[in-house]
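These notes concern the structure reproduced below.
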Amino acid sequence: MTVNLITKEELQLFKKELLAELTAVVNAKEAPTPKWLKSYQVRELLGISRGTLQSLRERGTIKATLVGGLMFYEYDEIVKLLRGGRK
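Okay, so the sequence shown: first residue is 19 according to the numbering used here, each after it adds one.
Have a look at this one:
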């Protein structure tokens with residue numbers, strides 16, 4: 019069994035590094051979740067093509083809202099779909 023000794027300075031340095039990392043984690047603010055997603059964002063989240071997204075819309079699996087020529091999807095609905103809550 020090998021025993022490694024550390025110095026008091028090494029221990030203090032470790033403490034400072036650990037405290038800095040913990041402070042960064044505590045102070046890190048999560049990005050706010052968006053209410054609406056654009057088509058490309060939904061495709062990226064689900065890993066699907068444009069055609070597949072269109073098919074999901076046509077079958078009523080995903081609801082979309084048309085605003086100024088752009089399709090928007092509710093974030094919460096997409097999360098439900100990902101979790102299997104919507105068929």
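Backbone N, C-alpha and C define an ideal beta-carbon position, used for all residues, glycine too.
- In the structure shown, the three-state DSSP call for LEU23 is coil.
- In terms of Cα proximity to PRO52, the closest of ILE96, GLY102, ARG101 and GLU27 is ILE96.
- Residue pairing from DSSP places LYS56 in a beta bridge opposite PHE90.
- Going by beta carbons, LEU74 and ARG61 fall outside the 7 Å limit.
- LEU31 and LYS56 have their C-alpha atoms spaced approximately 47 Å apart.
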